[in-house]
DNA sequence: TATATTTACGCAACCGGTTGTGTAAATATA
DNA sequence: TATATTTACACAACCGGTTGCGTAAATATA
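Residue numbers (my numbering), protein chains in the order written: chain A, 3 to 378; chain B, 3 to 378.
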């Protein structure tokens, strides 16, 4: 076997003009290592006088490579701390082993917990996770989705921004058979995988709970109604009232948002409207917290004067006084389920869309325990 | 000019054997588009009968390309929604235009807000952000740092896990001149860029505030002391006491952690120890919240019996009753500063390490307003 | 008109892995 | 011993952009 020396780009060409020269064009692996240069397959190949394909296969434990060669390659790789260039592999394999995730906002406990669930599954399966925030902005969501497309993510898990109505920016993923999974905020028009909780049922249950406590004039602060989740919770609210023969009063339904600040603003608005109520069902906990802070500041007793309930079971729900009754969502499990769907679709692209709906649980705390109150 | 047809990998080779055949080996751009195939430079090149280098340069608005050609290329790219393969570009350019971020845990408001700051700067500068969590686990931190290294991030912004003492896994980044920026949790042994707040001063100020309120037996629940931040806050605590001639009592210093649960556990422990105190300075807000919840549950009045202060100014600080006095950290600005340092180092790798220390502000609320209390 | 310069573009190497195919040597089977 | 098969590896194309260099044609300068 002749001693070959695979050299880096083009160096050999010059050498061919002066075959009598014995310049050592490519640096030794030792030198490259010492100089903190990237160690590549070629360095190992040169050192062992084998081809880079052999090195590549040896590192993959390919059956066609002899035991001795394998051992030598693996030892050298270990010794020089060889780190494969994931970019190069991705280019050829057309798989980056990354999952893109887009959430409206990271600093909500719900979303960061879902992400923890996604990561948990993803890392175990050898996938990286790229997380992006839309900051509830449609424009931003379009940009980051394009970025992730160009970064060739193998899959995309999304909770859409509250502004998002047009879903065209996700069509490319579908076209290219890149698994696309929506969670929590499911888009209306697009046919795809999804993970959500039974928002309808959760809302129904918690409103029924309020009714059981004796509440009759229950206001609802909804999320933006272009989002299915908000609609479903609204419907659950309405149907619970219906079931118990309480008339639905549109003046008690306020379109709000998902932020504490919006909960505060909507509560203020409700007071200027001078509507009379005995309970508020907020679309999510941050809003419920805003509601409670505002009520407390006005000297209104919770739940004696007004009961308050939320949705999510954020950690803050147990901090506020009185503790907030809310619908507990299995946030971590939602992330796990979404990532599982991704893995399934990545393995078996032929299968149809998967829609998973997880159950919620009532977390009943003091903010709704209205039963023993005096009548107003 | 002859009509060339650049074909995809290897297809031409077979054709060479049968030159008389006129198979159209490469699909037309139109067909590829319709079939949702990836549109590449070569498709555009073929369509226009120019070389792919010309297309590449046209899209970069290179001066050596004629105006007509440029226009034709750009129009076609637009028409077929050409998305450059970022992976391929990265491989050659050795720059992925991504910043890696490692935080202990996403679901802390502080960290997710820092990330929002990083993203803000990064996206404006055309960088993507890959976010990873170490979950406060050293092992996990090592793994994700290797993943990010292999993913060839252009820079790394880190807040180390509470377990991390050994910093070897970051050495590779330094060796390869990949900008490395630590924030909040600064490692002790490693020389690198950093962004932090003046933990010492913040702690000093808030403890001095407690002393001014009349507190004399002030306990401190510290973070893990291998982390500089915890040490600095501890030192600030000690020096504030010293300044006001209050003896430092090691029995009042509890090594705690950063979680609410640890705040609860440590408070319980303190009670079994039966130490007598009139204030608690917690290393961070989640711990302070845990402390307050436990005290309240025991019927201890805050601040009348025991004043409580924290560090961070999480949104929860204004939810708990009484509202928590704490040290406000400019979390978003910390992220911005870290990303700015990255951009600086990426542009001018020669410059030395940058250490940025931001100022804190006291957010004084009821939990520390002890002045008018009755003496115990 | 002859030469110098600019314009506009093609060629081919290159980034660093991966993999289909070909083949010499070693071993197995007839 | 002759042929079939297996083993172990090399070669080279390939992924899809990027860029240094070379050059013909067009234009400018002498």
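Just so you know, even glycine gets a beta-carbon here, dropped at the ideal spot from N, CA and C.
On a predicted model such as this, the values are computed, not experimentally measured, just so you know.
(message) Less than 8 Å between CB atoms is the rule here; does residue 121 of chain B satisfy it with respect to chain A?
(response) The residue you call residue 121 of chain B lines up with position 119 of the second chain. By this cut-off, residue 121 of chain B is an interface position.
(request) Return no unless some Cβ of chain B is closer than 8 Å to the Cβ of residue 25 of chain A. (result) For this step, residue 25 of chain A is matched to residue 23 along the first chain. Caution is warranted here: a pLDDT of 31 is assigned to residue 25 of chain A, below 50, making its placement in the model unreliable, and the coordinate value is therefore given only provisionally. Chain B, which has no Cβ nearer than 8 Å to the Cβ of residue 25 of chain A, makes this no.
(message) Give me the chain A residues within the contact set of residue 73 of chain B, using Cβ-Cβ distance strictly less than 9 Å, ordered along the chain.
(response) Residue mapping note: residue 73 of chain B aligns to position 71 of the second chain, counting from 1. Neighbours of residue 73 of chain B on chain A: none; closest Cβ ~23 Å, over 9 Å.
(message) Whole angstroms are fine: how far does the CA of residue 235 of chain A sit from the CA of residue 301 of chain B?
(response) Here residue 301 of chain B refers to the residue found at position 299 of the second chain. Here residue 235 of chain A refers to the residue found at position 233 of the first chain. Rounded to the nearest whole angstrom, the CA to CA distance from residue 301 of chain B to residue 235 of chain A is 37 Å.
(request) Write down every uninterrupted run of the beta strand (DSSP E) in the region 93-140 of chain B whose length is 3 residues or greater and which is fully enclosed by it, in chain order. (result) List check, beta strand (DSSP E) in window: 100-105, 130-135.
(message) Buried or exposed for residue 365 of chain A, going by 16 or more other Cβ atoms inside 10 Å?
(response) Here residue 365 of chain A corresponds to residue number 363 of the first chain, with the count starting at 1. Of the other Cβ atoms in all chains shown, 16 or more fall within 10 Å of the Cβ of residue 365 of chain A; this residue is therefore buried.
(request) Look at the alpha carbon of residue 246 of chain B and the alpha carbon of residue 369 of chain B, and state the distance between them as a whole number of angstroms. (result) Position 244 of the second chain holds residue 246 of chain B. Position 367 of the second chain holds residue 369 of chain B. One C-alpha to the other measures close to 21 Å.
(request) To the nearest angstrom, report how far apart residue 167 of chain A and residue 41 of chain B are at their CA atoms. (result) Locating residue 167 of chain A in the first chain gives position 165, where the first residue counts as 1. Locating residue 41 of chain B in the second chain gives position 39, where the first residue counts as 1. Their backbone Cα atoms lie some 27 Å apart in a straight line.
(request) Have a look at residue 309 of chain A and residue 250 of chain A and give me their C-alpha separation to the nearest angstrom. (result) The sequence position of residue 309 of chain A within the first chain is 307, counting from 1. The sequence position of residue 250 of chain A within the first chain is 248, counting from 1. If you draw a straight line from the Cα of residue 309 of chain A to the Cα of residue 250 of chain A, it is about 18 Å long.
(request) Spatial neighbours of residue 165 of chain B within its chain, please: CB distance less than 7 Å, with the 5 preceding and 5 following residues excluded, ordered by chain position. (result) The count along the second chain starts at 1 and reaches residue 165 of chain B at position 163. Around residue 165 of chain B: 138, 139, 140.
(message) Measuring only the C-alpha atoms, how far is residue 372 of chain B from residue 242 of chain B?
(response) Stepping through the second chain from its first residue, residue 372 of chain B is reached at position 370. Stepping through the second chain from its first residue, residue 242 of chain B is reached at position 240. So the two alpha carbons sit approximately 18 Å from each other.
(request) To the nearest angstrom, report how far apart residue 95 of chain A and residue 118 of chain B are at their CA atoms. (result) Position 93 of the first chain, counted from the start, is the residue given in the question as residue 95 of chain A. Position 116 of the second chain, counted from the start, is the residue given in the question as residue 118 of chain B. Taking the straight line joining both Cα atoms gives about 33 Å.
(request) List the residues of chain A whose Cβ lies closer than 8 Å to the Cβ of residue 109 of chain B, in chain order. (result) Along the second chain, one-based indexing puts residue 109 of chain B at 107. The contacting residues are 111, 114, 115, 118.
(message) Measuring only the C-alpha atoms, how far is residue 45 of chain A from residue 340 of chain B?
(response) On the first chain, residue 45 of chain A is found 43 positions in, with the first residue counted as 1. On the second chain, residue 340 of chain B is found 338 positions in, with the first residue counted as 1. Straight-line spacing of the CA atoms in residue 45 of chain A and residue 340 of chain B works out to 35 Å.
(message) Check whether chain A comes within 8 Å of residue 87 of chain B, counting only Cβ atoms and requiring the distance to be less than that.
(response) Numbered from its first residue, the second chain carries residue 87 of chain B at position 85. Residue-level contact by beta carbon holds for residue 87 of chain B and chain A, with a gap shorter than 8 Å.
(request) Return the Cβ separation of residue 383 of chain A and residue 281 of chain A in integer angstroms, given the expectation that the two are a contact with Cβ distance under 8 Å. (result) Since the first and last residues shown for chain A are 3 and 378, residue 383 of chain A lies out of range.
(request) Check whether the Cβ atoms of residue 355 of chain A and residue 177 of chain A sit closer than 8 Å, and answer yes or no. (result) Residue numbering aside, residue 355 of chain A sits at position 353 when the first chain is read from its first letter. Residue numbering aside, residue 177 of chain A sits at position 175 when the first chain is read from its first letter. No, Cβ-Cβ distance for residue 355 of chain A and residue 177 of chain A is not below 8 Å.
(message) Whole angstroms are fine: how far does the CA of residue 61 of chain A sit from the CA of residue 331 of chain A?
(response) The sequence position of residue 331 of chain A within the first chain is 329, counting from 1. The sequence position of residue 61 of chain A within the first chain is 59, counting from 1. When rounded, the distance between both Cα atoms is 44 Å.
(message) Helix, strand or coil, according to DSSP, for residue 255 of chain B in the structure here?
(response) The residue given as residue 255 of chain B occupies position 253 in the second chain. Judged by DSSP in its simplified three-state form, residue 255 of chain B adopts strand.
(message) Contact defined as beta carbons within less than 8 Å: I believe residue 206 of chain A pairs with residue 238 of chain A. What is the distance between those atoms, to the nearest angstrom?
(response) Locating residue 206 of chain A in the first chain gives position 204, where the first residue counts as 1. Locating residue 238 of chain A in the first chain gives position 236, where the first residue counts as 1. Rounded to the nearest angstrom, the Cβ distance from residue 206 of chain A to residue 238 of chain A is 4 Å, consistent with a contact under 8 Å.
(request) Could you work out which residue in A:288, A:297, A:319, A:307 is closest to residue 261 of chain A when comparing CA atoms only? (result) Counting from one through the first chain, the residue named residue 261 of chain A turns up at place 259. Measuring from the Cα of residue 261 of chain A, the nearest candidate turns out to be A:288.
(request) Could you tell me if residue 191 of chain A is buried or exposed, where buried requires 16 or more neighbouring beta carbons within 10 angstroms of its beta carbon? (result) To locate residue 191 of chain A, count along the first chain from 1; it is residue 189. Exposed, since its Cβ has fewer than 16 Cβ neighbours within 10 Å.
(request) Scan the region 169-182 of chain B for residues whose Cβ lies nearer than 7 Å to a Cβ of chain A and list them as they occur along the chain. (result) So the list reads 177, 178, given in the order they occur along the chain.
(message) Taking the beta carbon of residue 361 of chain B as the centre, do at least 16 other beta carbons fall within 10 Å, making it buried, or is it exposed?
(response) On the second chain, position 359 is the one that residue 361 of chain B refers to. Taking every protein chain shown into account, the CB of residue 361 of chain B has fewer than 16 other CB atoms within 10 angstroms, so this residue is exposed.
(message) I'd like to know if residue 15 of chain B contacts chain A, where contact means its C-beta is closer than 8 Å to some C-beta of that chain.
(response) Counting from one through the second chain, the residue named residue 15 of chain B turns up at place 13. Residue confidence for residue 15 of chain B is low, a pLDDT of 32 falling below 50, so the modelled location carries little weight and cannot support an answer.
(request) Taking C-beta pairs closer than 9 Å, name the residues in chain B that residue 197 of chain A reaches, listed in chain order. (result) As a first step, residue 197 of chain A must be located in the first chain, where it is residue number 195. Going along chain B, no residue has its Cβ under 9 Å from residue 197 of chain A, so there is no contact; the nearest lies around 19 Å.
(request) For residue 182 of chain B, write down the residues that DSSP places opposite it in a beta bridge. (result) The residue you call residue 182 of chain B lines up with position 180 of the second chain. Looking at the DSSP assignment, residue 182 of chain B forms a beta bridge with B:158.
(message) Quick check: what's the CA-CA separation for residue 266 of chain A versus residue 29 of chain B?
(response) Taking the first residue of the first chain as 1, we reach residue 266 of chain A at position 264. Taking the first residue of the second chain as 1, we reach residue 29 of chain B at position 27. Straight-line Cα distance between these residues: approximately 59 Å.
(message) For residue 363 of chain B, list the residues DSSP reports as bridge partners.
(response) Here the question's residue 363 of chain B lines up with position 361 in the second chain. Beta-bridge pairing links residue 363 of chain B to B:330.
(request) Starting from residue 133 of chain A, find everything on chain B with Cβ-Cβ shorter than 7 Å and list it in chain order. (result) As a first step, residue 133 of chain A is located in the first chain; it is residue number 131 there, counting from the start. Result: 133.
(message) Starting from residue 175 of chain A, trace the alpha helix (DSSP H) in both directions and tell me its first and last residue.
(response) On the first chain, residue 175 of chain A is found 173 positions in, with the first residue counted as 1. Boundaries of the alpha helix (DSSP H) around residue 175 of chain A: 170-177.
(request) Would you kindly work out how many angstroms separate the C-alpha atoms of residue 53 of chain A and residue 59 of chain A, rounded to a whole number? (result) The residue you call residue 53 of chain A lines up with position 51 of the first chain. The residue you call residue 59 of chain A lines up with position 57 of the first chain. Per the coordinates, the alpha-carbon of residue 53 of chain A lies some 10 Å from the alpha-carbon of residue 59 of chain A.
(request) Return yes when the Cβ of residue 35 of chain A is within less than 8 Å of the Cβ of residue 82 of chain A, no when it is not. (result) By 1-based counting over the first chain, the position of residue 82 of chain A is 80. By 1-based counting over the first chain, the position of residue 35 of chain A is 33. The answer is yes: Cβ separation under 8 Å.
(message) I want to know whether the region 88-107 of chain A touches the region 103-110 of chain B - three or more CB-CB distances under 8 Å.
(response) They do not touch, by the three-pair rule.
(message) Which same chain residues end up closer than 6 Å to residue 319 of chain B when comparing Cβ atoms and leaving out the 5 residues on each side of it in sequence?
(response) The residue you call residue 319 of chain B lines up with position 317 of the second chain. Correct list, in chain order: 287, 326, 328.
(message) With a threshold of 8 Å between beta-carbons, can residue 95 of chain A be considered close to chain B, or not?
(response) The sequence position of residue 95 of chain A within the first chain is 93, counting from 1. False, the Cβ-Cβ gap to chain B never drops below 8 Å.
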